[in-house]
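Residue numbers (the working numbering): 8 to 104.
Structure, as structure tokens:
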């Protein structure tokens with residue numbers, strides 16, 4: 008009887024360990040699923056911020072250079088998606104047009 012009781016206690020401890028490990032695995036998978044889009048959104052926000060900041064600097068010096076780039080939804084989308092390369096693209100397009 009004692010052997011069987013020890014076996015049940017060990018089985019109970021083992022099942023708790025398995026449950027804990029599976030719980031950690033589920034938390035890891037859920038975090039991986041939800042944080043991947045969050046990482047993309049943060050990268051998009053950072054690109055937008057840097058692009059808008061540089062666009063502001065360019066427009067700040069527009070009094071001296073007569074080179075002004077308007078802030079509108081199209082430039083905001085380009086700066087948001089591409090960041091600095093988007094700003095370079097907008098400057099090149101402005102110079103060509």
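We put the beta carbon where it would ideally sit given N, CA and C, even for glycine.
Check: Roughly how many angstroms separate the alpha carbons of residue 78 and residue 47, rounded to a whole number?; Outcome: 24 Å
Check: Should residue 31 go down as buried or exposed, given a rule of 16 or more other Cβ atoms within 10 Å for buried?; Outcome: exposed
Check: Start and end of the alpha helix (DSSP H) containing residue 71?; Outcome: 69–72
Check: Among 38, 102, 57, which has the Cα closest to the Cα of residue 86?; Outcome: 57
Check: For residue 18 and residue 91, I'd like the C-alpha separation in whole angstroms.; Outcome: 59 Å
Check: CA-CA distance, residue 50 and residue 98?; Outcome: 22 Å
Check: Ignore the nearest five residues each way along the sequence and tell me which others in residue 93's own chain have a CB closer than 7 Å to its CB.; Outcome: 58, 85, 86
Check: Give the single residue among 82, 100, 96 whose Cα lies nearest to the Cα of residue 55.; Outcome: 82
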